[in-house]
Amino acid sequence: MTSPVLRALLLLVLLVAGVVAGLGPGSAPARAADVIATPNDGYGRMVFRWDVPVRYTVEIRGGSLVAAFDAPVPADVALVPGRLDAYVDTVQVSGDRRTVTMLLKDDFTLRVFTLGSGVVIDLVGGPAAPPPAPTPAPAPAESPAAAAPTAAAPGPIRVRTGSHDGFQRIVFDWPRSVDYAVDSEGDRVTVRFDRAVPLSLDRIRGDLPEGFTDLTTAVEDDASVFAMRIPPGASPRAFTAGPKVVLDVTLPPPGATPPQPAETAAGADEPEPAAEPAPVAPIAPRTGAADAARPDAGAVEGAEGPVEDAADAPLAAPVPASVAAPPAEPTPDAPADASADADAGAGVGTDRGAALSPGAEAAIAERLAEAVRNTDEAGAGDGRPAVVSLGFSWDKPTAAAVFRRAGYLWVVFDRFQEVDLDLLRRAGAGVVRSVEQVRVGPDSTLVRLTTAPGFNPSLRRDGLLWVVDLMQRPLRPERPVAVQPQVNSPVGARLLLPVVEGGRVVPVRDPERGDQFFVLPLIQLGHGVYPERRFPEVTLPVTAQGVVVVPHSDRIEMRSSRSGAEVTAEGGLILSPESGRLETLATLGQGALKAVFDIPGWRRDSGDRDFQAVLNDLRYAVAMAPESQRGEARLELARFYFANGYAPEALGVLRAIAADHTEMVNTAAFRALRGATRFLMHRDGQAVDDLSHPSLADVDEAAFWRAAAQSRLGQAGLQAAVLEATGAVLENYPPDVRIPLALVAADATIEAGDDLAANTFLESARDPEFNTTHDEAAIQYLEGKLLASTGAFEAAIAAWREAEAGYSRRHAALATRDRLDLEHRLDLIDTDALIQGLEGLRFAWRGGDFEYSLLKDLGALYLEQQRYGDALRTLRLAASYFQERPGAEELTETMRAVFDTLFLEGAANDMAPLKAIALFDEFRELTPTGDKGDEMIRRLADRLVAVDLLDPAAALLERQIRYRLKGLDRTKVGARLALVYLLNRQPQNALDALQKTRFAPLPERLERQRRHLRARGLADTGDAAAAIALLENDPSEDARVLRAEIHWRDQNWAEAARALAELVPSPPPDGEGLAEKDAFRLIDWATALTLAGDETGVSLLRQRYLETLDGTPFQDAFDLVTATPESGVIDIASVGGKIRQAEKFRSYLTAYRDKLREERLSAIN
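In this note's numbering, the protein residues as written are 22 to 1186.
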């Protein structure tokens, strides 16, 4: 009979084994926990949580979010619309409670990732977080439009400010990109946004320094307007940072004399010279109480380098190289095994409405940030360059330090210079994701970068030039600096660093963590700290160059001298032996840790025991193992999963090892297994990190797996030599491991042109008993590539056609693309057939290198065929879908070049005008800034007016006036726009255009032209008296024509005759005829006199000009109009029909129409 104690112990063992068994297949059904919905700054977040992970699909279809799960959703999903009222309208749940449909209130971008056993769904592009409630105070009355913003653009928009060295920054936190225009007149600055949303100024009214006054905001019909007065001599400058709009007001130096008001008015519309603008480095959000209340604000935005609080002033580093005050509690450093941390387990989301225990929000924020980082790393790697080089040039010897901290790569120099950040971004394209310069004092330079996962620095020097090469490699220096603890030094216990040519110690305060640390740049190349050294009061993390000292108390000081550097404290440092941080360099442990790769042995094949029986035994061993041996037991379980094709389950066990047995993380056995597991899961960048660990430096199998992973990241041919040299390791691998490795190696050796090795690897991949249909298609495709590389083109085409007929969609698409390309190069098909074939592959296989290269090739072919619209649309897809890939910026530059070819070099002249303007509107974002873009718009407007397409021409000019021009140029284009409106019979629009483009002073000719256009507009709107008054005392010919035209239209014949009399010259001498223009006006004059009943005037006119018109086409008409009837009174009714035939009044606009037939619209001024 079993005792109660023994039964209880057995029950406990079975319970533990059941928990471990949850790592494998066949776990219990998922039970719904809850749904958390939280509005955030610029996005809304929903977290669906279960007790175990679930499978899911999430997409947006027809304005609704549709999420399907393989487990019932929690009941409180019905509360989502109330918590995300700016995002979700209604929620519907299917009968089985596994599908949720949410009607969305706007167009949002979808972002989905897993977080432990939860699924996180972000709707990106929503309203900015509302500002804190202001202290009650009188506020200016809002306009009705401002009081009720439209539903399409919820508000208000948060406005922030921050004081910087030499300028004041104001940030408008738009959730999505918005067009804007800045106008400066004297000391008043106006910013107009092309979206009618209220602006919240409460946060900045009390924070702006002296001189910033009269802050106002208003919402008009289709725009939001912000205005204020700035200090005398200050100048504004605006730019965008993502969707945010940043307004920098550069302040005059102290004691500078402000410009005189007259000078300010005269140059108000001329742009300030921007020879050397003060660079502004975006600073990460400061940690503190305010940030702690926003657990997920930084989780997403922080992944690409913080820009959220760009308005805040940077924290200035103190001058003395010591910690003056206790630092804020530092965020724990990332573990030495960065990739292990990337695989660390999960967490849960947070609901703002629920009460959390102290510290819970901070923990949740860290887990959310970790989940986003894991998502980024899992999808990274494809198509990146092998190495990018960043250069920092100096005119004097300069010391450098390079290290990683808080997700950033830090580059520090002990001299100051303004760094060309745009140049670094271009040089680091494909690897560098963000770069910023942080102010750390007047004598030092600090640049922070975020990079693609797995890329770490290697340094070199060329004279005074420092070069940072970023490549796939571990973070470590070439020559570790000796760290010497000295207990009995003359200054007490200290750490001595025997370095020569040490630079100045640079105190730095971390914008993310808030703690302060010391950086010692070194001139000696490749000297840094490795491994990390920990002491009770300081930590020296790993660096690629230089030394970093992180103090744990406020007593720490660091000094640099010719004999080296020292870390001291008042009364001496507290020193103790290090806590085993060098364990990665020690001899591996006994038992399971001795083996690196033994895949056949790990499978545990046995004729008398099946897979499930062995799995149960291994799980039982984990449950029964004492704590000291549980890590090795778990490693055996992970190896069994891996060797039998359960890579995800193996990775789950390895995560548990990394969390509970940190001493195993840096062993060769752990790194090799996790690297191989990640390779099988196509996480190639992470696999390279693991397989590059120093503990695997001399292991051939690790070299083979690492080269295979690197070949899938791009430039496979560079790995062919390693794969061939170590390829013998495949002999002992089981088919399900050997075949995918052999296929990768075959592809790499084909790229390298090694036919013999490629055939060897293809033979290794052929195993009819185990080849899947996917394997067969891959082999056929690679055989085609190999045959094509050797010149056997017909055989290659035949092999590719076999692959196309197979059951692997990916390899069918690859084979079709390569076959079409070869047939085109062999002139078997023409370019049109090639394009048609490639277009058929657009949706055959999506994502990755295939779609990216396909879109690029199609874009190039469209350009070759001068199908500019198709080319621009295709290149835009490639540039937007693959923003992180190397070369994406080059695609955008190609699009700009095509746009220039169309609208600057005249290629669009061969298009129909309506097609040209449609293409321009579709790709308006490619319009260059400055004079080049204005010239492009000018040419397009000229062409539209020339073919009488007045509506699109007016819209084009309206947008140019509103967003691009100011000053005299704006006034000139305003006159052109008014003329277009007058020609299009829209006089009120013409008057509005003239009114909003006023500017003074103007050149006399332009002033007169605008006055004439305004007079014509007034006349056309029925205000003839105002039009005549505007032309009073104007002796110009255009003014006389306008006066005659206005009186003619009002049938004021006597005044019309007087005006026309001023336009007709006296009869020329010697029988010369009148010019055609003057002859027409003479007939108009005679007609006006006739209709006015002025017989005497008609008779005199006839006597003076009848002989002059003798023999001209105008003689009959003039004779008819001026003839005297026998009765002695002109019978107007009898000649009315012929008078109408003779009437060809040459109006003001008629003259312009004639001019536009011969010249361009832009030629009028």
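Quick reminder that beta carbons are idealized off the backbone N, C-alpha and C, glycines included.
Does the distance from the C-beta atom of Ala809 to that of Leu843 stay below 8 Å? Numbered from its first residue, the sequence shown carries residue 809 at position 788. Numbered from its first residue, the sequence shown carries residue 843 at position 822. Going by beta carbons, Ala809 and Leu843 fall inside the 8 Å limit.
Is the CB-CB distance between Ala824 and Tyr802 below 8 Å? Residue mapping note: residue 824 aligns to position 803 of the sequence shown, counting from 1. Residue mapping note: residue 802 aligns to position 781 of the sequence shown, counting from 1. Ala824 is a Cβ neighbour of Tyr802, given a cutoff of 8 Å.
How many Å lie between Ala1045 and Val180 at the Cα? Walking along the sequence shown from the start, residue 1045 turns up at place 1024. Walking along the sequence shown from the start, residue 180 turns up at place 159. Cα to Cα, Ala1045 sits roughly 48 Å from Val180.
Looking at the structure shown, is Val321 part of a helix, part of a strand, or coil, going by DSSP? Position 300 of the sequence shown holds residue 321. In this prediction, Val321 scores a pLDDT of 32, lower than 50, which makes its location untrustworthy; the coordinate-derived value is nonetheless stated afterwards. DSSP places Val321 within a helical segment (H, G or I) once states are collapsed to three.
Would you list, in sequence order, the uninterrupted alpha helix (DSSP H) runs of no fewer than 4 residues that lie entirely inside the region 937 to 986? Unbroken alpha helix (DSSP H) runs of no fewer than 4 residues, entirely contained in the region 937 to 986, are found at 951 to 967 and 971 to 984, following chain order.
If you draw a straight line from the alpha carbon of Glu457 to that of Pro542, how long is it in whole angstroms? As a first step, residue 457 must be located in the sequence shown, where it is residue number 436. As a first step, residue 542 must be located in the sequence shown, where it is residue number 521. Answer to the nearest angstrom: the Cα atoms are 19 Å apart.
Grab me the residues of Thr237's own chain with a C-beta within less than 6 Å of its C-beta, minus the 5 sequence neighbours each way, in chain order. As a working note, residue 237 is residue 216 in the sequence shown. The answer, listed in chain order, is Ala248.
What do you get for Lys953, buried or exposed, if any count of 16 or more other CB atoms within 10 angstroms of its CB means buried? The residue labelled residue 953 in the question sits at position 932 within the sequence shown. With fewer than 16 other Cβ atoms within 10 Å, it is exposed.
Taking the alpha carbon of Ser627 as the point to measure from, which residue in Arg651, Val520 and Asn665 has its own alpha carbon closest? Taking the first residue of the sequence shown as 1, we reach residue 627 at position 606. Considering only alpha carbons, the answer is Asn665.
Please classify Pro46 as buried or exposed, where buried requires at least 16 other C-beta atoms within 10 Å of its C-beta. Counted from its first residue, the sequence shown places residue 46 at position 25. In this prediction, Pro46 scores a pLDDT of 38, lower than 50, which makes its location untrustworthy; no coordinate-derived value is stated.
With a CB to CB cut of under 6 Å and the five nearest residues on each side skipped, what residues in its chain are close to Arg554? Here residue 554 is taken as the residue at index 533 of the sequence shown, counted from 1. Taking C-beta separations shorter than 6 Å and ignoring five residues to either side along the sequence, the partners of Arg554 in its chain run Val504 and Leu561, following chain order.
State the beta-bridge partners of Ser221 as determined by DSSP. Translated into positions along the sequence shown, residue 221 becomes position 200. For Ser221, which the question treats as bridged, DSSP gives the partners Arg179.
Across the region 715 to 724 and the region 617 to 625, are there enough close Cβ pairs to call them in contact, namely three or more that are closer than 8 Å? Verdict: yes, contact present.
Does DSSP put Glu457 in a helix, a strand or coil? Here the question's residue 457 lines up with position 436 in the sequence shown. The answer is strand: DSSP assigns Glu457 an E or B state.
Between the CA atoms of Gly84 and Val210 - distance to the nearest angstrom: By one-based count along the sequence shown, residue 210 stands at place 189. By one-based count along the sequence shown, residue 84 stands at place 63. Distance between the alpha carbons of Val210 and Gly84 is about 40 Å.
Under the three-state DSSP convention, the category Ser245 falls into: Residue numbering aside, residue 245 sits at position 224 when the sequence shown is read from its first letter. Assigned with DSSP and collapsed to three states, Ser245 falls in strand.
For Phe814, the residue or residues it bridges with in DSSP: Residue mapping note: residue 814 aligns to position 793 of the sequence shown, counting from 1. Residue pairing by DSSP leaves Phe814 without any beta bridge partner.
Between the CA atoms of Gly451 and Glu905 - distance to the nearest angstrom: The residue given as residue 905 occupies position 884 in the sequence shown. The residue given as residue 451 occupies position 430 in the sequence shown. Their backbone Cα atoms lie some 6 Å apart in a straight line.
With Ser582 as the anchor, note down where its beta strand (DSSP E) starts and where it stops. By 1-based counting over the sequence shown, the position of residue 582 is 561. Here the beta strand (DSSP E) through Ser582 covers Ile577 to Ser582.
With a threshold of 8 Å, are at least 3 pairs of Cβ atoms found where one atom belongs to the region 438 to 448 and the other to the region 476 to 484? Contact between the region 438 to 448 and the region 476 to 484 is absent, because fewer than three Cβ pairs lie under 8 Å.
Who pairs with Ser256 in a beta bridge, going by DSSP? Numbered from its first residue, the sequence shown carries residue 256 at position 235. Its beta-bridge partners are Thr271.
Roughly how many angstroms lie between the CA atoms of Thr472 and Tyr429, to the nearest whole one? For the purposes of this step, residue 472 is identified with residue 451 of the sequence shown, where counting begins at 1. For the purposes of this step, residue 429 is identified with residue 408 of the sequence shown, where counting begins at 1. Rounded to the nearest whole angstrom, the C-alpha separation of Thr472 and Tyr429 is 8 Å.
Go ahead and pull the three-state DSSP assignment for Thr1143. Stepping through the sequence shown from its first residue, residue 1143 is reached at position 1122. Shown here, Thr1143 sits in a helix according to DSSP, grouped into three states.
Decide yes or no for the touch test of the region 825 to 843 against the region 869 to 888: beta carbon pairs closer than 8 Å, at least 3 of them. Verdict: yes, contact present.
CB-CB under 6 Å to Pro406, same chain, minus the five flanking residues each way: which ones, in chain order? Here residue 406 is taken as the residue at index 385 of the sequence shown, counted from 1. Within the same chain, and ignoring the five residues on either side of Pro406 in sequence, the residues whose Cβ sits closer than 6 Å to its Cβ are Gly451 and Pro907.
By the 10 Å Cβ neighbour count, where 16 or more other Cβ atoms means buried, how is Tyr1002 classified, buried or exposed? For the purposes of this step, residue 1002 is taken as residue 981 along the sequence shown, with counting starting at 1. Under the 10 Å beta carbon count, Tyr1002 is surrounded by 16 or more other beta carbons and is classified as buried.
Classify Tyr984: buried if its beta carbon has 16 or more other beta carbons within 10 angstroms, exposed otherwise. For the purposes of this step, residue 984 is identified with residue 963 of the sequence shown, where counting begins at 1. Classification of Tyr984: exposed, given that the 10 Å Cβ count is below 16.
By Cβ distance below 7 Å, which residues in the same chain neighbour Arg226 in space, the five residues on each side in sequence not counted? Counting from 1 along the sequence shown, the entry for residue 226 is found at position 205. Closer than 7 Å at the Cβ level, and outside the excluded window around Arg226, lie Leu236.
Return the residue from the list Gly139, Ala259 and Ser245 that minimises the CA-CA distance to Gln189. Against the sequence shown, residue 189 aligns to sequence position 168. Comparing Cα positions, the closest option is Ala259.
Give me the Cα-Cα distance between Met957 and Leu947, rounded to the nearest whole angstrom. Locating residue 957 in the sequence shown gives position 936, where the first residue counts as 1. Locating residue 947 in the sequence shown gives position 926, where the first residue counts as 1. Rounded to whole angstroms, Met957 and Leu947 show a C-alpha spacing of 11 Å.
Would you call Tyr883 buried or exposed, if buried means 16 or more other Cβ atoms sit within 10 Å of its Cβ? Within the sequence shown, numbered from 1, the residue matching residue 883 stands at position 862. Buried, since its Cβ has 16 or more Cβ neighbours within 10 Å.
As a quick exercise: from Gly523, Val502, Gly535 and Val520, pick the residue whose alpha carbon is nearest that of Gly549. As a working mapping, residue 549 is identified with position 528 in the sequence shown. Nearest option by C-alpha distance: Val502.
If you follow the alpha helix (DSSP H) that Asp870 is part of, which residue opens it and which one closes it? In the sequence shown, the residue the question calls residue 870 occupies position 849. Residue range Gly869 to Glu885 is occupied by the alpha helix (DSSP H) that includes Asp870.
To which residues of the same chain is Ala742 closer than 8 Å at the C-beta, ignoring the five residues directly before and after it? Here residue 742 refers to the residue found at position 721 when the sequence shown is read from its first residue. These residues qualify, in order along the chain: Ala773.
At which residue ranges does the region 733 to 769 contain complete alpha helix (DSSP H) runs of 4 or more residues, listed in the order of the chain? Entirely contained in the region 733 to 769, the alpha helix (DSSP H) runs reaching 4 residues are, in chain order, 741 to 747.
Coarse secondary structure for Ala1011, derived from DSSP in three states: In the sequence shown, residue 1011 corresponds to position 990, counting from 1. Correct three-state label for Ala1011: helix.
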